[in-house]
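One structure below.
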Amino acid sequence: MLKKRSIKRILTVLFIICALGAPAVAAMDIVATTSVIADPVEAIGGDHVNVIAVADPTICPHMQGDIIDSRIQMQKDFIASADLFFAHNSGMDKPVVMPAVEKFMQTNYGRKVNWTVISAQDWNTPEKAKVFAGEIKDKLVAADGANATAYEANYDAYCDAIDAADLTEEEKSRIEGQDVIVMVWQREAAENWLGLNVVAVFGPEFYMGGQFTPTKVVDDITANPEKYRNVKYVIENMQSGEMAKGIEEALHDRGIRADRVIFTNFPKSLAGVDSLPDVLAHNKEAVTPADGPMDIVATTSVIADPVEAIGGDHVNVIAIADPTICPHMQGDIIGNRIQMQKDFIASADLFFAHNSGMDKPVVMPAVEKFMQTNYGRNVAWTIISTQDWNTPEKAKVFAGEVKDILMAAQPWNADEFEANFQAYCDAIDEADIADGERDRIEGQDVIVMVWQREAAENWLGLNVVAVFGPEFYMKGRFTPAKVVDDIAANPEKYGNVKYVIENMQSGEMAKGIEETLQDRGIGADRVIFTNFPKSLAGVDSLPGVLAHNKEAVMASPATPPASDGGSDSWDTALATGLAAGEESEFCFGDCAVMRVFIVPEEDMSSLTMSARHLPSAPAGIGETENATYQYLEVGPGFGSLEDCNATIEFSVDEAWIEGQGINTTDIALQRYHDGAWQTLKTEYLGTEGGVAKYRAYCTGFSFFAITVVQGWAVVAVADGAVGETTMPAVTTAATASQTPAPETTKATTTVGTTATTVPPTTAQQSPLSLVPFLTAAALAVLLLRRT
């Protein structure tokens, strides 16, 4: 017999052999009808499950009758031996997938399928996705309680991934509130999770008896276009197939630039969308607006200015109409204005316009025609309903409407838009009438162009004794000719008129009124108000418009400044119908600039030139090298006139010249250009009434200085040509016996219409008159050497 110790040893060895040879606990093989179930099963089950999905994830399962058998055959061996079968408790699986699997198992293996049914029927929001995954976790725990701890831990990690796909606060601010049209199966996610504003839904024919088919939505767009004007996205449901292309096209036909995007409900239906958290992230990102600046087309600079100021870095903006002319008068040039900026217009995100006859007759139809003809696109206009902006309060209301539109377009930048709006309002307030200015403006008698009456009367407090307007205003009862007749009939009514106020964008209308007043000894000044930024030099914004108009009618202070009498206000001249290659004249009277002549390279409907005296060198620009009579700013009211041929006529008081101890030919006009003061070709025209007159030539405009450069000015002969060999008498403060000024060695840049020359530093003499002197000098030197 074996001893007990030997028996124990044998039993131990047998136990070890059996233990080593026993198979490990196998992972459960699970068949899921869809990837919606398969993904959380795989994530939560981890190493304890193997799982496949039967249905194609790109198509709704109930629509897969033609392909489901092939899908089963692709994975038949796995299905045949599976441990668990998971399915949805809905019409998604019951019509097609579940019967096909049951038939396959019964026909081939004589087995019935015991389905593990998931009752949760929604998963396209983060909260519902977690509920859906929680039910799957419970089913796994029930089937394999030994691994419950692992399943709980994996479920928690899966919920963390779902939370990570949810909206951040920044994303919420960018997505919420956008108008959308959505496929009805995605309405829950769009409305209750993403916070989108669903203006319409569409669905298949069988949904609600066909009341919400895409065709019905297209009909509603046609009948109620305003309802859809702000639609940003048309949301398809991938598994339902393409349904909304006609909706997208109907919106585009009306200029509504909605994007058609695709939401999905199934993992693995799109590249990179491999899980339910990925499904949520994809759908969220599909309706997240791009973070770049908006390209905005404005009909006028009136709109463009507050858009740019309030939009800041979040907008790029252009204005179409020429700001110097009322938009409805630009029929002849608006096509060219559009062509100048066609690429920007073609791809713009928003189109702003005025809700008035200013834009509707010309600018808006021209833009619409351009877009339709060249790109097959209609324009969806964003309309500014505020129609006045030429007083501070109304300008702020106008800017507030612009701000609200920008905030609606990019709500995630609302705080920045609000801050920029407040800064813009501060600038408007700064342009308002200060306490010290009110006494210099209010109560003055004026005649005003009717479009400016509101600003003149209700803001500036001027006393309007008459208005004038175009022929179509009030059936011609207030034309300038009618005002002239009234001046003749009632001269005492106009005896204290200080200003005749033109409206720049309406063109020159009141010259006859001004002349009639002056013929009667009424010294009224004709001044120009403007309504449009960038219509005059230095008037670049709506606050600038207000400041300009205010300053135009501000009476001089009681005690004049101790200066040479120059004015800091703009002197403005308007010319219309400029022809290419022909000289146009602009006349001034409030500063040293008398006239400007310009030869445009192309026809121009109108051009405004402005000039003003500056009390000192412009800020940030150094003073000229020599004594300066006046600093000036001269330029066009809008745009640039570089590379033009221009002539500037200016004057200098003879007393100033005598006080400097210089000749009349020791004057030059300098232009600040390319970072330096450049001396222009200058001609002395003669002296009359104690004023020396000059002409200078330039190829552009900016800051100018009338300064001393000895011997620089060339005397012009009677026909306007420059004298080359003779020199008429010039006014001089020095006697003939005085020594000429010493020669300077510092170089001066010269710009003109002829070749660059280096001027002498004393009064010019004829080259022929030096020949006898030089000959005598040479003979004297020769005689000295001989002695």
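Quick note: the sequence shown uses my numbering, first residue 1, plus one each step.
Every residue, glycine too, gets a C-beta built ideally from N, C-alpha and C.
Original post:
What number of angstroms, rounded off, separates the C-alpha of glycine 686 from the C-alpha of cysteine 587?
Top reply: Along the sequence shown, one-based indexing puts residue 686 at 686. Along the sequence shown, one-based indexing puts residue 587 at 587. If I take the Cα positions, the gap works out to 19 angstroms.
Original post:
Are proline 327 and arginine 174 closer than 8 angstroms when you measure CB to CB?
Top reply: Here residue 327 is taken as the residue at index 327 of the sequence shown, counted from 1. Here residue 174 is taken as the residue at index 174 of the sequence shown, counted from 1. Contact flag unset, no.
Original post:
How should proline 557 be labelled, buried or exposed, when 16 other C-beta atoms within 10 angstroms of its C-beta is the threshold for buried?
Top reply: As a working note, residue 557 is residue 557 in the sequence shown. Unreliable placement is indicated for proline 557, whose pLDDT of 47 sits below 50; the coordinate value is still reported in the next sentence. Its Cβ having fewer than 16 others within 10 Å, proline 557 is exposed.
**OP:** Please name the residue in Gln211, Gly690, Ala510 and Val709 whose C-alpha comes closest to that of glutamate 625.
**Re:** If you number the sequence shown from 1, residue 625 lands on position 625. Among Gln211, Gly690, Ala510 and Val709, the Cα nearest to that of glutamate 625 belongs to Val709.
Original post:
Hey, asparagine 114 and phenylalanine 85: beta-carbon distance below 8 angstroms or not?
Top reply: Looking up residue 114 in the sequence shown gives position 114. Looking up residue 85 in the sequence shown gives position 85. Yes, these two residues count as a Cβ contact at 8 angstroms.
**OP:** Might you give, ordered along the chain, the residues of its own chain that have their beta carbon closer than 6 angstroms to the beta carbon of isoleucine 345, omitting 5 neighbours on each side?
**Re:** Numbered from its first residue, the sequence shown carries residue 345 at position 345. Here the set comprises Val297.
Original post:
For the 8 angstroms Cβ check, are there 3 or more pairs between the segment 157 to 165 and the segment 128 to 144?
Top reply: yes
**OP:** Buried or exposed for methionine 105, please, with buried defined as at least 16 other CB atoms from any protein chain shown within 10 angstroms of its CB.
**Re:** Taking the sequence shown and counting its residues from 1, the one referred to as residue 105 is at position 105. Flag for methionine 105 reads buried.
**OP:** Mind the definition here: the segment 665 to 675 touches the segment 604 to 616 only if three or more C-beta pairs lie below 8 angstroms; say whether that holds.
**Re:** no
**OP:** Determine the extent of the alpha helix (DSSP H) in which serine 826 is found, giving its start and end residues.
**Re:** No answer is possible for residue 826: it lies beyond the span of the chain, which begins at 1 and ends at 787.
**OP:** Report the three-state DSSP secondary structure of glutamine 330 (helix, strand or coil).
**Re:** Position 330 of the sequence shown, counting from 1, holds the residue named residue 330. Coil at glutamine 330, not helix or strand.
Subject >> Paired residues, beta bridge with tyrosine 473 - DSSP >> reply: Within the sequence shown, residue 473 is the residue found at index 473, counting from 1. Paired residue(s): none; tyrosine 473 is not in a bridge.
Original post:
How would you label isoleucine 67, buried or exposed, when you count the other beta carbons within 10 angstroms and need 16 or more for buried?
Top reply: If you number the sequence shown from 1, residue 67 lands on position 67. By the neighbour-count rule (16 or more Cβ atoms within 10 Å), isoleucine 67 is not buried but exposed.
Subject >> Proximity to threonine 373 [Cα-Cα], best of Thr386, Gly335, Pro392 and Thr382 >> reply: The residue you call residue 373 lines up with position 373 of the sequence shown. Measuring from the Cα of threonine 373, the nearest candidate turns out to be Gly335.
Original post:
Going by DSSP, which residues form a beta bridge with lysine 681?
Top reply: As a first step, residue 681 must be located in the sequence shown, where it is residue number 681. Beta-bridge pairing links lysine 681 to no other residue.
Original post:
Are the segment 396 to 404 and the segment 145 to 159 touching by the rule of at least three beta carbon pairs closer than 8 angstroms?
Top reply: With the cut-off at 8 angstroms, the segment 396 to 404 and the segment 145 to 159 do not touch.
**OP:** Would you mind working out which of Thr58, Asn237 and Ala148 sits nearest proline 214, comparing C-alpha positions?
**Re:** Here residue 214 refers to the residue found at position 214 when the sequence shown is read from its first residue. Comparing Cα positions, the closest option is Asn237.
Original post:
Near alanine 82, which residues of its chain fall below 6 angstroms by C-beta distance, leaving aside the five closest residues on each side in sequence?
Top reply: Walking along the sequence shown from the start, residue 82 turns up at place 82. Asp29 and Val31.
Subject >> Where the beta strand (DSSP E) containing aspartate 233 begins and where it ends >> reply: Taking the first residue of the sequence shown as 1, we reach residue 233 at position 233. Residue identity differs from the one stated: residue 233 is tyrosine in this sequence, not aspartate. From DSSP, the beta strand (DSSP E) with tyrosine 233 extends over 231 to 237.
Original post:
Going along the chain, which residues of its own chain have a beta-carbon closer than 8 angstroms to the beta-carbon of glutamate 418, five neighbours each way excluded?
Top reply: Along the sequence shown, one-based indexing puts residue 418 at 418. Result list for glutamate 418: Lys403 and Met407, in chain order.
**OP:** Say whether the segment 265 to 285 touches the segment 29 to 48, bearing in mind that this needs 3 or more beta-carbon pairs closer than 8 angstroms, one atom from each stretch.
**Re:** Result yes; three or more Cβ-Cβ pairs closer than 8 angstroms.
Original post:
Distance, Cα to Cα, alanine 580 vs threonine 300?
Top reply: On the sequence shown, residue 580 is found 580 positions in, with the first residue counted as 1. On the sequence shown, residue 300 is found 300 positions in, with the first residue counted as 1. Those two C-alpha atoms are separated by around 26 angstroms.
**OP:** Determine the contact status of alanine 348 and arginine 254, defining contact as a CB-CB distance below 8 angstroms.
**Re:** Locating residue 348 in the sequence shown gives position 348, where the first residue counts as 1. Locating residue 254 in the sequence shown gives position 254, where the first residue counts as 1. It is not a contact, given that the beta carbons lie outside the stated cut-off.
**OP:** Could you work out which residue in Pro392, Asn355, Ile338 and Thr386 is closest to glutamate 368 when comparing CA atoms only?
**Re:** Here residue 368 corresponds to residue number 368 of the sequence shown, with the count starting at 1. Comparing Cα-Cα distances from glutamate 368 to each of Pro392, Asn355, Ile338 and Thr386, the minimum goes to Ile338.
Subject >> Under 8 angstroms between C-beta atoms of glycine 507 and threonine 572 >> reply: Numbered from 1 along the sequence shown, position 507 holds the residue referred to as residue 507. Numbered from 1 along the sequence shown, position 572 holds the residue referred to as residue 572. It is not a contact, given that the beta carbons lie outside the stated cut-off.
Original post:
How do the segment 443 to 453 and the segment 462 to 478 stand: do at least 3 beta-carbon pairs fall below 8 angstroms, yes or no?
Top reply: yes
**OP:** Kindly give me the distance between the Cβ atoms of isoleucine 118 and alanine 190, rounded to whole angstroms, as I take these residues to be in contact under 8 angstroms.
**Re:** Locating residue 118 in the sequence shown gives position 118, counting from the first residue. Locating residue 190 in the sequence shown gives position 190, counting from the first residue. Actually they do not touch by this definition, with Cβ atoms about 24 angstroms apart.
**OP:** Can you say whether tryptophan 389 is buried or exposed, counting buried as having 16 or more other CB atoms within 10 angstroms of its CB?
**Re:** Taking the sequence shown and counting its residues from 1, one reaches residue 389 at position 389. Here tryptophan 389 is buried. Its C-beta has 16 or more other C-beta atoms within 10 Å.
Original post:
Nearest-angstrom Cα distance between valine 791 and methionine 74?
Top reply: Outside the shown range of the chain, which is 1 to 787, sits residue 791, and nothing can be said about it.
Original post:
Helix, strand or coil for serine 563 per DSSP?
Top reply: Stepping through the sequence shown from its first residue, residue 563 is reached at position 563. Its pLDDT being 36, under 50, serine 563 is placed unreliably in this model, and the coordinates cannot settle the point.
Subject >> Continuous alpha helix (DSSP H) assignments of at least 4 residues falling wholly in the segment 73 to 154 >> reply: 76 to 80, 97 to 109 and 126 to 143
Subject >> Pairwise C-alpha distance: aspartate 429 and leucine 598 >> reply: As a first step, residue 598 must be located in the sequence shown, where it is residue number 598. As a first step, residue 429 must be located in the sequence shown, where it is residue number 429. Note on identity: in this sequence residue 598 is isoleucine, with leucine being the wrong assignment. Roughly 37 angstroms separates the two Cα atoms.
**OP:** Look up phenylalanine 344 in the DSSP assignment and say whether it is helix, strand or coil.
**Re:** Locating residue 344 in the sequence shown gives position 344, where the first residue counts as 1. Note: phenylalanine 344 maps to helix in three-state DSSP.
Subject >> Length of the line joining the Cα atoms of glycine 443 and glutamate 623 >> reply: For the purposes of this step, residue 443 is taken as the residue at position 443 of the sequence shown. For the purposes of this step, residue 623 is taken as the residue at position 623 of the sequence shown. Here the alpha carbons of glutamate 623 and glycine 443 stand approximately 40 angstroms from one another.
Original post:
glycine 311 to glutamate 226, Cα distance in whole Å?
Top reply: Here residue 311 corresponds to residue number 311 of the sequence shown, with the count starting at 1. Here residue 226 corresponds to residue number 226 of the sequence shown, with the count starting at 1. Whole-angstrom Cα-Cα distance: 25 angstroms.
**OP:** Please specify which runs of the alpha helix (DSSP H), each continuous and at least 4 residues long, are wholly inside the segment 631 to 675, giving them in chain order.
**Re:** 654 to 660
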